[in-house]
Structures are given as C-alpha cells and as structure tokens.
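These notes concern the structure reproduced below.
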Ligand code: ADP
Ligand code: GLC
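Numbering (the numbering used here), first residue to last: 358 to 846.
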C-alpha cells in the first residue's frame, strides 16, 4: 500500500505534542509491515536540515491557490534510522519562522499556510511520482486535503484510486477561518459557502469539520474518545457532524515507539534499567534530586511526582494549582514539572519552584532529554486531564515503571487501570469526577501503595509489562486503510 502521511508536526524535526510522535512512528511501523509510506511536512525555519541529513532536490512544485499559483521547493530526507522518505515543502514566506503554529501567539495567516500545505501535498506526490492508495491527514492543519482530494484530485488519473483518511488528534483545535479568505485560498469560492455546507460551521469556515465531512474514513486516537465525542461534553460542538459520519468513525489507540521510549536503551537517562531493576530506577531518582540541589539530609524517601505537559486547560492544571502548595507544605511528596503553556499556569509553577526549592522542581520550557529523565526518575506521573484524546505520556511513564495518576477520560481510560489490592492487577491510580476531593483521594491511594511492599513492586512490574506498542496501532490503521480503499474502488 502506498501511504502518504501529511502532518504539520513530525518528530524529531518539529514537535509541539503527541501528534509529532505518532506521525513519526506509524510510517516506520508500516514500512516494517512491508507497506510503502512517505511523509510530507512543511519546512519550518527551525528544522536543522544538516543535522537530519535533508537534501534540497531540484524539484519545484507549482501549487494552485485561489486563482493564482505558488511555488515551493522540495527537500528530501528520511525518518531517523529508517528508509521512510520525508519531503519538506519549502515556502519561506509561510514556514521560515520560529514556530509551528505561532511564536507564541498563533500566526494570523494559519488559514493560508495550512490550506497551501494541504494542497501542496498532492503536487508533491505527483512530483516525486508517488501514487498514493491513501492520503492520511492529521488534525485541522491538513483537513483541507480531504476536500481537495474529493473535489479536484480524484478526477485526475493519478489520484483516481486514492482514499482519504482523516485522524482527529484533538477536537479542541478546529481551525476556525474567515470564509472570504479560506474559500478564496482554497479555490472553492464563496459559492460553496452557505449555511449547512460542508465548509460552514456557525458562519465560519471550520477546517476540522471539512476533514470530518470529506474523508472516506475518520479515526480518532482512542476508542473511548471515539465514543465520548459523539456527545456535547467532549465534542467541542461537532457532535452532529461526528454522528452523521458515525458509521465511518473509529477509535485507534495510539501506540508507543518502544525503540525510543524504553529505559533499557535510553541514552538520555542517568542510568538505564530493565524490568524489575527498581534499585537502578531509584538511582535515577537520586541523581535527579542531587542535580536539583537536594542533599542527603533532606528526606530522600518522599515520593517524586512529575508532569511533562503542555500547560493548558485540557491537562487539568486547575486541579493541581488548587491544592499543590498545600500538599508540598505538608511534605506529602516532591513535585517536578516540565512544561510550556499559558502564563497563568507558568507563573504559578515558577512561584512554587521559588518558594519550595527542595520540593518543587520547575522547568518551564521544552526539553526532550529532560522529559526522558523525568520519566526515569519519578515515582508517579500526574495527568488529571479534563479531556484527553489519547495521551502518550502516561504510556511512556508506565514503560519507565513510573505510575500514572490520571483522570479517567479518553485514552487515559483505555490505558490506565486502577491498581487492585486484592488481585494485584492494574498499573495506575484513577479518578473520574473532575473535582479536588476525588483527585486528592487518588493521590493518597497512590502514596499509600508507595509505602507498601509488595504492592509497590507489583504495580511497577505491571506498568512496565504493559504493551501499547505502535506496531499494534499501525496494524489497526492498515485495516482502516483497506476499508477506505474498498469504499473508493
Ligand atoms: P499532547 O499531544 O496533548 O500534548 P501527549 O501525551 O499525546 O499530549 O504527547 C505529548 C508529547 O509531548 C510527549 O512526547 C511529551 O513527552 C512531549 N512533551 C510535552 N511537553 C514537553 C516539554 N515541555 N518538553 C519536552 N517534551 C514535552
Ligand atoms: C493530541 C491529544 C493527545 C494525543 C495526541 C496524539 O495532542 O491531546 O491526547 O495523545 O494528540 O494523538
């Protein structure tokens, strides 16, 4: 199967969140299954083309935009340690910037940038003579490609047998665009924009809706989220569209690329460790504490709870800010944070780090090495999300023997099972109601297990032996792709 994956983020080249990890791991797994994937993404100004071995090709693509054409050069490289080709689309006016979506405020021309990219994907395929069976688009940034496929490109021989699959990673970001701009750039024109058309939502253009309506098949990143988003609480206003397309909507659980996220081979760690080697895991914790100025006279036995997260409302930060200072002042645990995001949260965490230098370790910023180290060094990983389409970090944490404390929502419900003292099954602590009491109760259960052997070893063994591999996830996508192809042929 020829699979063209188009994404605004692909790790390690450009990453804002889990989308980048998924866009990088799926193609590698598909290639292992004997499929033929390529990846297409924008050439952002910050991508280190030398480091990753990208080469400028002599290909210039011509991309129709509205009533005019724009030009872009193609760069070619590979996903790291693989033979999966990656094409970078160079259009410096749009992409030679420091951010993916903004820096830090959302760019005003994201409609134009991503409509261009969604169309350039097809011109890239033609230019490199890759006739796709599947165009796999991800989130609102590439959603227009589903409309381009059905409206223009399916009519060309080259794409006549191509099916479109659209994966929703997060309904909270929909791409609301001004119709007179978006309908112009996309070439569809205002005649296609009327109340109830697939381009219209609440008098605006909504890219997410376009992806949902035009795709042959729609997936989202966990079975639970696939169910949740049929109801208003989680649908971000798109429940009607999602229910209309319900027969073509499936949840495919995200997977972990264990060649990268595995404490036995992870060079970022202070010390590597395998299943059951908890004494080495403990050394990772002590190294981390030492590096952060905690000395042997301080209570080194306190549990270390960490977070690696975008600091947005989605991630349930309000629950944490409401009580964290109290927990720290009571000496319940130590807390480590690595994150970027809204200033109301970063200000709070910076304050905590300043006030409790021995108990709260706050890193505001993006740091891949530190993220791996935190998974290795911590006892618990906190993720009290309001909603969570899937979440990768709870799965990473478990592989590192770090026990997740999560709110049961979306993919967290599919991946974290409460530890059961009777059966010794389960590998995390969970709560459901979004309130401070239930959240606190789950933390207290967690700390109580931390102090009880053999439960503490049991739960960590359970966590480390879970298998959420991206190979499984990739196989599920191949089934969806076959199903999509049957629909168009
Ligand atoms: P989301 O995509 O909603 O942010 P996920 O759990 O799916 O959540 O994926 C988040 C990804 O981003 C993980 O790979 C995580 O390690 C990474 N990440 C998040 N914040 C940071 C940060 N500040 N520094 C390094 N990595 C981060
Ligand atoms: C989104 C979601 C997250 C998911 C990720 C990758 O950013 O917030 O839950 O894991 O996409 O699919």
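Virtual Cβ for every residue (Gly too), placed ideally from N, Cα, C. Fair warning: this is a prediction, and the values are worked out from it, not measured in the lab.
- With fewer than 16 other Cβ atoms inside 10 Å of its own Cβ, residue 708 counts as exposed.
- For residue 467, the enclosing alpha helix (DSSP H) begins and ends at 467-484.
- Within the region 400-465, complete alpha helix (DSSP H) segments of at least 4 residues are found at 449-452, given in chain order.
- Leaving aside the five residues that flank residue 694 on each side, the residues in its chain whose CB is nearer than 6 Å to its CB run, in chain order, 664, 706 and 719.
- When the five nearest sequence neighbours on each side are left out, the beta carbons in the same chain lying within less than 6 Å of the beta carbon of residue 430 are those of 417 and 447, in order along the chain.
- Residue range 793-807 is occupied by the alpha helix (DSSP H) that includes residue 798.
- At a threshold of 6 Å, residue 726 does not count as near ligand 1, since its beta carbon sits no closer than that to any of the ligand's heavy atoms.
- Counting only the Cα atoms, residue 723 lies some 18 Å from residue 624.
- Contact annotation: residue 472 and residue 542 have beta-carbon atoms nearer than 7 Å.
- Here residue 745 has 766, 767, 768 and 769 as same chain residues with Cβ atoms under 6 Å from its own Cβ, once five neighbours each way along the sequence are excluded.
- When DSSP reads this structure, residue 363 sits in a beta bridge with 397 and 494.
- In the displayed model, residue 626 falls within coil according to three-state DSSP, outside both helix and strand.
- Judged by DSSP in its simplified three-state form, residue 684 adopts helix.
- Selection 401, 485, 514 and 524 evaluated against residue 502 yields 524 as nearest (Cα-Cα).
- Closer than 6 Å to some heavy atom of ligand 2: that does not describe the Cβ of residue 823.
- Taken through DSSP and simplified to helix, strand or coil, residue 381 comes out as helix.
- The three-state reading of DSSP puts residue 725 in helix, counting H, G and I together.
- Contact between residue 667 and residue 696 is confirmed by a C-beta separation of about 7 Å, below the 8 Å threshold.
- Residue 709: member of the alpha helix (DSSP H) spanning 700-712, first to last residue.
- Taking the Cβ of residue 594 as the reference point, every heavy atom of ligand 2 lies at 6 Å or farther away.
- Residue nearest to residue 778 within the set 466, 811, 617 and 738 is 811 (criterion: CA-CA distance).
- Taking 6 Å as the cut-off, one finds no heavy atom of ligand 1 near enough to the beta carbon of residue 739.
- Looking at the backbone, the Cα of residue 822 and that of residue 756 are separated by about 7 Å.
- Residue 561 is bridged by DSSP to 558.
- Counting every other CB atom within 10 Å of its CB across the protein chains shown gives residue 463 a total below 16, marking it as exposed.
- Counting only the Cα atoms, residue 576 lies some 44 Å from residue 715.
- Beta-bridge partners of residue 775 (DSSP): 785.
- Restricting attention to 510, 561 and 412, the CA atom closest to the CA of residue 571 is found in 510.
- Counting only the Cα atoms, residue 504 lies some 15 Å from residue 469.
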